[in-house]
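Below is one structure, written out as structure tokens, with a few remarks after it.
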Amino acid sequence: MRGAKEQAALLAWAAEKLAAEGAPQAAAMRSKADAALAAYNSLLKDAPAGQGAQARVSLAHAQKKLRVCRSVPAAMGAAPSKAGAGALLCDCDGTLVETERDGHRVSFNRAFKEKGYNCEWSVDLYGELLTTGGGKERMTRYFRDYNPGAWPHPEAPAKDHPEIVALHKLKTSLFMDIVRAGELPLREGVRELLTAARSAGWTIAVCSTSNEAAVSAVVQTLLPEFAPTTRIFAGDCVSKKKPDPEIYNLAARELSLDPRKCVVLEDTNIGLRAGQAAGMSVVVTKSIYSKDEDFSGADLLVDSAENVDFSADITAMLPQMARA
Ligand SMILES: [Mg+2]
12 MRGAKEQAAL LAWAAEKLAA EGAPQAAAMR SKADAALAAY NSLLKDAPAG QGAQARVSLA
72 HAQKKLRVCR SVPAAMGAAP SKAGAGALLC DCDGTLVETE RDGHRVSFNR AFKEKGYNCE
132 WSVDLYGELL TTGGGKERMT RYFRDYNPGA WPHPEAPAKD HPEIVALHKL KTSLFMDIVR
192 AGELPLREGV RELLTAARSA GWTIAVCSTS NEAAVSAVVQ TLLPEFAPTT RIFAGDCVSK
252 KKPDPEIYNL AARELSLDPR KCVVLEDTNI GLRAGQAAGM SVVVTKSIYS KDEDFSGADL
312 LVDSAENVDF SADITAMLPQ MARA
């Protein structure tokens, strides 16, 4: 397996380079990563059982990195940002779409039912659980603090418990069925705001603590005209979720931007705190579940993106030197 380990290292290296480099290097790095992945898969077939399992874990990590890195547009660099332009970093759930009540909550309940768990999250209860970021963490808290009787396993619920992981995987699949069916509309004003940002030469990215595949499905289904050039930074690519600023720090680093040139679009208190801690301006568009949260300190607080004027509100948030 020594060779396979080297292949995994090569794949991880290629994926990292893919994220760090713009075109034309990105295309070459993508080819290298594909070649490394193919070679590693080939080696895995002949691996002894124990070593194979360990290698598959490494491969899963490498593949996850590669998926995140694939959001780098192949033609990145072909449309460079205009001088003075910034980056609009959008949260996904509650900000682009009202996914929580009608998407995530419904798919959690469908997953519970399919797996035989005797529990259902009401609209009100889900509002309380949303103060915990991340689906696996949310289920862990529910089974531990709200309904221990519904947890049938001898071990304590934990975000890395196999049953929590399995429930989350099923929930993600059910959620994507809902998204791909087009059942979730974009929030009012989002498309217009992103269009204005793109016209002004701004970089657009989505930064979410949700599963990367689910966030990609939202962008590809509801914002297809933006998908090829929109970077996605999803929950699995950072170790600390919001309100930690890690995901926004990562986005600024990857986009080679001064945080002061990044404007965050969020709908929750934890999202606001994450953006602020990263040293960025934050616009809050209140959502169904977040409307009563504390948004003091937000650079702009509105009911929806419909109430945001890109030129007057967003560009004015960049420091004077950055706009020059
Ligand atoms: Mg949100």
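Residue numbering for the sequence shown follows the numbering used here, starting at 12 and increasing by one per position.
Heads up, the beta-carbon is just placed ideally off N, CA and C, and yes, glycines get one too.
What you are looking at is a predicted structure, and each value in this text was computed from that prediction instead of being measured.
- Non-local beta-carbon contacts of residue 191 in its own chain, meaning distances under 8 angstroms to residues more than five positions away in sequence, involve 228, 232 in chain order.
- Under a 10 Å Cβ-count criterion, residue 210 is classified as exposed, with fewer than 16 other Cβ atoms of the shown protein chains found around its own Cβ.
- Remark: C-beta atoms of residue 242 and residue 268 do not approach each other more closely than 8 angstroms.
- One residue list follows from the rule of a beta carbon closer than 6 angstroms to any heavy atom of ligand 1, given in chain order as 102, 104, 105, 106, 278, 279, 282.
- Of all alpha-carbon atoms in 105, 112, 184, the one lying nearest the alpha-carbon of residue 222 is that of 184.
- Here residue 313 has 294, 295, 296, 297, 319 as same chain residues with Cβ atoms under 8 angstroms from its own Cβ, once five neighbours each way along the sequence are excluded.
- Looking at the DSSP output, residue 296 sits in a beta bridge with 313.
- Burial is judged here by how many other beta carbons sit within 10 angstroms of a residue's own beta carbon; residue 173 has fewer than 16 and is exposed.
- Fully contained in the region 226-270 are the following beta strand (DSSP E) runs of length 3 or more, in chain order: 242-244.
- For residue 169, the secondary structure class from DSSP, reduced to helix, strand or coil, is coil.
- In this structure, residue 160 sits away from residue 246, with a CB-CB distance that is not shorter than 8 angstroms.
- Counting along the chain, no beta strand (DSSP E) covers residue 125; the unbroken alpha helix (DSSP H) around it starts and ends at 116-125.
- Where residue 206 is concerned, the enclosing alpha helix (DSSP H) starts and stops at 201-210.
- DSSP, read as helix, strand or coil, puts residue 135 in helix.
- Counting only the Cα atoms, residue 155 lies some 8 angstroms from residue 167.
- Distances from the alpha-carbon of residue 110 to those of 327, 299, 163, 311 put 299 closest.
- With contacts defined as CB atoms closer than 8 angstroms, residue 116 and residue 137 qualify as a contacting pair.
- Per the Cβ contact rule, the region 125-133 is not in contact with the region 277-291 (fewer than 3 Cβ pairs under 8 angstroms).
- Residue 142 sits in coil when the DSSP states are folded into three classes, being neither helix nor strand.
- Between the C-alpha atoms of residue 253 and residue 169 there is a straight-line separation of about 19 angstroms.
- Going by DSSP, residue 100 is part of the beta strand (DSSP E) stretching over 98-101.
- Secondary structure at residue 224: helix, using DSSP grouped into helix, strand and coil.
- Within the same chain, and ignoring the five residues on either side of residue 187 in sequence, the residues whose Cβ sits closer than 8 angstroms to its Cβ are 224, 225, 228.
- Taking the Cα positions, residue 325 is about 7 angstroms away from residue 274.
- Residue 283 is not a Cβ neighbour of residue 106, given a cutoff of 8 angstroms.
- Leaving aside the five residues that flank residue 119 on each side, the residues in its chain whose CB is nearer than 7 angstroms to its CB run, in chain order, 132, 182.
- The Cβ atoms of residue 316 and residue 198 sit closer than 8 angstroms to each other.
- Taking C-beta separations shorter than 6 angstroms and ignoring five residues to either side along the sequence, the partners of residue 99 in its chain run 208, 213, 215, 274, following chain order.
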